[in-house]
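Residue numbers (the working numbering): 932 to 1695. We put the beta carbon where it would ideally sit given N, CA and C, even for glycine. What follows is a set of notes on a single structure, which appears directly below.
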C-alpha cells in the first residue's frame, strides 16, 4: 500500500483519564478516508506504564497494550483501515523502557531480584562498576537516610509507594539489613548518580542494549509479527541517536521489516547537517521540514527591532551562541554528571590514565559540537574540528583531550558513551532550556529549529525542497507533533509579530507599565505565548486559564533562570501566576483582543500557507490529530488533549472551513496523482512585480502548481499592485476556489478567494 500521507493519532488507555483506544481509532476510519489520508500513524502501542498518557514508557515490548485493546483490537483496527484502503504506521521506542514502577516491567524486576544472574541482565545498559559491591544504583529516595525506613513485606521491600523485590533467601532482618543484601542499592536522587543509562536525565526510563542481537530480537518480536502478518506498512523510530549503534540497529530493523517497509527516524538535524544517505530509512520524521515550511513566513525585516526588544528587557541576543555553549557545559557537568563520571571511568579503563581536567575537556568539547551525535558517516570531520576548536580556545585542555581521543581508539565503548552524552546534553541544553529562554521570536524555538536563524528565505526553502525531492522523497514532513513546543497555528500567529515589530514593541512596553511581569525577559517570552493562544472573542475560559498556568510553570522551570524542577522558587512562581491572572483579568486583556482583531487575518493567512506547503512540498506529510482545523496547542501535555471529531465531521460536511478545505483538497490530490508527489520532482515558480517577495510558488511534476502568499501585513498599504505569477502553458484549475487560470495571472486575482492556491493542469 503506497504511503502518500499519514495522520497521527495519540493513543491512550482508560487509566490515563481520557481514553483513545483502537476502537476509537476504528470509529474514525471512514472520516479519515474521506479526508484523503492514506495511513493512520499510531503513537506507541506496546504495553506501557499503567495510566501512561503517551506510551513512550514501554514496560513490555513483547505485547500490544491491553489498555488500548490488545492484539485483537489492533487486528480489528487494521482490518477496518484496510477495508477503506488505509494502512497503518506505528511509532516504536527501541532506546528505553519504563522502570518507574519496577513490578510493571518483568525484565527489570527480574534483574533487580537476581542481579547479574538474571536472564535479562544483559538487556539493560547497567553500570555494574559504579557501586564497589557491584549493585545497581537506583536514585529513587528522597535522601540516603530513607533506607532506614524500608520495611519488609513478604517478598518485597517497601517505602511508601516504592516497592522492590527481595532476592530469595535474603529476607530476614530489618528493612535496612535486607536492603544491604540485595542486588540493587537505593540512594537519594540528589546524589546525582545513577547505575544505568537513562533517556536523557529521566531516571524512570532505562536504556536498552539494542547492540546485542539477543536483546534486539526479544524487543522486536512483536514488531516482526506486525510485518509478517501485514498489519502495518511502516514504523517511526523514536530517538535512535540514544542507541549505541544507530546505523547497525537500523540495518537489523530493515531485515525485520522487509525492503518495502517505510521506516522514518526521529533524527533532529542541525541546519547544516545532512542525513547519512547510507542509513536504510526513508528519511527523518520531519523536524527539518517543519523549520523550513514555517520559516518561510517569518519576515526577516523584523529581526533588528525584535532583537532590540530582547536587549531592552535585559537579554543579550548577541551572546546567544555563548549562552548555548554554557548551557551545554552545565548539562554535561551537572544534569548528566552521572553519565560524565561513567565516561571518565571508561577512559581510565581504556588507557590506564586519568586527568584532573578530563571532565572539563569533555564538557568543553561537546559544547563545540552542534549536532546530536557526530559518528555518522557524513559527519566524520565534526569531532576532530571540535577538538581543534576546543584546544585552541582552551590550551590547558589539550592533554585531557588527547587522552580522551586515545581512549576512543582503544575502546569503542568510550566513543559510544561520548556520543550518547553529546545527544543528551544537546537536548537538555537546547530544547529543554535555551528554547524556553530565547524571547526574540518564540515561534523559532522549535524542535529542529535554531533560533539564531531568523526564518527561512525563499532561496533556501527552494534549494532544500529540491534536494529532498532528489534525495529523500519519502521522508516524513510535518508541522505539529506530540513534541512540538507550540502547535502550527500558534507558531504562525506568533510569526506575524516579525511583520509588526514596532507595534509589538510598543504594546509590550505599555503592557509592562500596566501589568509588569515579575521579570521582563520572562515576561517577554510569556507575552508571545499568551498572544499565540488568545481567543479571538476575548473570552478566557476556565480551561484556557488552567492551560496557560500549566504552561507558564513548565516554561519558567525549564528556563531555569529563576526556578527549576528540582529547586522550585515558590515566591517567583507565585508571582508569575499572580501576574498571569492579572493579565487575564485586567485591562491588558482587552488590548490583546484588539491586537488580535488587527492581526488574526494575517496569522490565518500564514497558517494556511504553511499547511499547504507542508502537504504538497517533497516528502510524505503528516497531519497531527485535529490540525485539519485551527488549533491552539502549546507544549506537551497540552498538545495531547482529546480532539473533537464530531466538530470535524460537521466542518467536512459543510465544506466551508478554509483549513479543512486546504487539507482535504491536498490529501485527496495526493491520492489522485501519487506519481506527481512521490517522484515528480520540484521546481520553483518565480513571481514578478513589486510584491513578488510575498509569493512562494512551486511546481510538482508537470501538473500541480502550489502558490501561497506571505507577509501580508506589509501588503495592507499598497496591495499586490502589478504583481503576477506566470503559469506554465495550459489551463489550470484551482481546487480551492474553483477558478480556472492561464498565462500570466495577477496576484490579486490568484488570491482573490483564499490566500493560497492549489492548481492542477486541466488539459493534459
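Under a three-way DSSP split, which group does residue 1182 fall into? helix
Let me confirm a value: residue 1622 is counted as buried when at least 16 other C-beta atoms fall within 10 Å, else exposed. Which label applies? buried
Which partner residues of residue 978 appear in the DSSP bridge assignment? 991
Check residue 1704 in the structure and name its three-state DSSP category. Any question about residue 1704 goes unanswered here, given that the chain covers just 932 to 1695.
Give the C-beta separation of residue 1346 and residue 1357 to the nearest angstrom, bearing in mind that I take them to be a contact with Cβ-Cβ under 8 Å. About 17 Å separates the two Cβ atoms, so there is no contact after all.
Extent of the continuous beta strand (DSSP E) to which residue 1503 belongs: That residue, residue 1503, is in no beta strand (DSSP E); its alpha helix (DSSP H) goes 1501-1516.
Please confirm whether residue 1698 and residue 1295 have their CB atoms less than 8 Å apart. The structure shown does not extend to residue 1698, since the chain spans only 932 to 1695, so no value can be given for it.
Which same chain residues, not among the five before or five after residue 1225, have their C-beta less than 6 Å away from its C-beta? 1422 and 1541
Using only the alpha-carbon positions, how far apart do residue 1144 and residue 1153 sit? 15 Å
Return the CA-CA distance between residue 1087 and residue 1113, expressed in angstroms with no decimal places. 11 Å
Sequence-distant residues of its chain with Cβ nearer than 7 Å to residue 1137 (five each side left out): 1027, 1028, 1030, 1039, 1055, 1127 and 1129
Anticipated Cβ contact below 8 Å, residue 1519 with residue 1442, distance rounded: 5 Å
Residues in its own chain within less than 6 Å of residue 1025 by CB, not counting five upstream and five downstream? 1141
Cβ shell of residue 952 (< 6 Å), same chain only, five flanking positions each side left out: 999 and 1000
Taking all protein chains shown into account, do 16 or more other C-beta atoms lie within 10 angstroms of the C-beta of residue 958, making it buried, or fewer, making it exposed? exposed
Check whether the Cβ of residue 970 sits closer than 7 Å to any heavy atom of the ligand GTP, and report yes or no. You won't find the ligand GTP in this model; it holds no ligand whatsoever.
Looking at C-beta atoms only, is the number of pairs between the region 1558-1566 and the region 1582-1591 that lie closer than 8 Å three or more? yes
For the beta strand (DSSP E) containing residue 1084, list its first residue and its last residue. 1082-1084
Residue range of the alpha helix (DSSP H) that includes residue 1333: 1329-1341
Going by DSSP, name the residue or residues bridged to residue 1138. 1027
By the 10 Å Cβ neighbour count, where 16 or more other Cβ atoms means buried, how is residue 963 classified, buried or exposed? buried
Between 1693, 1192 and 1527, which has its C-alpha nearest residue 1467's C-alpha? 1527
For residue 1354, I'd like the list of residues in its chain whose CB is within less than 7 Å of its CB, leaving aside the five on either flank, ordered along the chain. 1172, 1173, 1303 and 1304
Range of the contiguous beta strand (DSSP E) that encloses residue 902: Absent from the model: residue 902. The displayed extent of the chain is 932 to 1695, so no value can be given.
Taking the alpha-carbon positions, what's the residue 1200 to residue 1219 distance? 7 Å
Output the residue ranges of the alpha helix (DSSP H) runs that lie fully inside the region 1209-1238 and measure 4 residues or longer, sorted by chain position. 1218-1226
Distance, residue 1306 Cα to residue 1312 Cα: 9 Å
Spatial neighbours of residue 1697 in its chain, beta-carbon cut-off 7 Å, leaving aside the 5 residues before and after: Beyond the ends of the chain as shown, which are 932 and 1695, falls residue 1697; an answer cannot be given.
DSSP state of residue 1686, grouped into three classes? coil
N- and C-terminal bounds of the beta strand (DSSP E) containing residue 1049: Note, residue 1049: premise wrong, no beta strand (DSSP E); not H, not E.
Skipping 5 residues on each side, what residues in its chain have a beta carbon closer than 7 Å to that of residue 1238? 1248 and 1371
Measure the beta-carbon distance from residue 1204 to residue 1392 and round it to whole angstroms, keeping in mind my assumption that it falls under 8 Å. Actually they do not touch by this definition, with Cβ atoms about 17 Å apart.
Go ahead and label residue 1359 buried or exposed: buried means 16 or more other beta carbons lie within 10 angstroms of its beta carbon, across all protein chains shown. buried
For the candidate residues 1074, 1479 and 1386, whose alpha-carbon lies nearest to that of residue 1509? 1479
Please report the straight-line C-alpha distance between residue 1160 and residue 1021, rounded to a whole angstrom. 14 Å
Exposed unless 16 or more other CB atoms sit within 10 angstroms - verdict on residue 1175: buried
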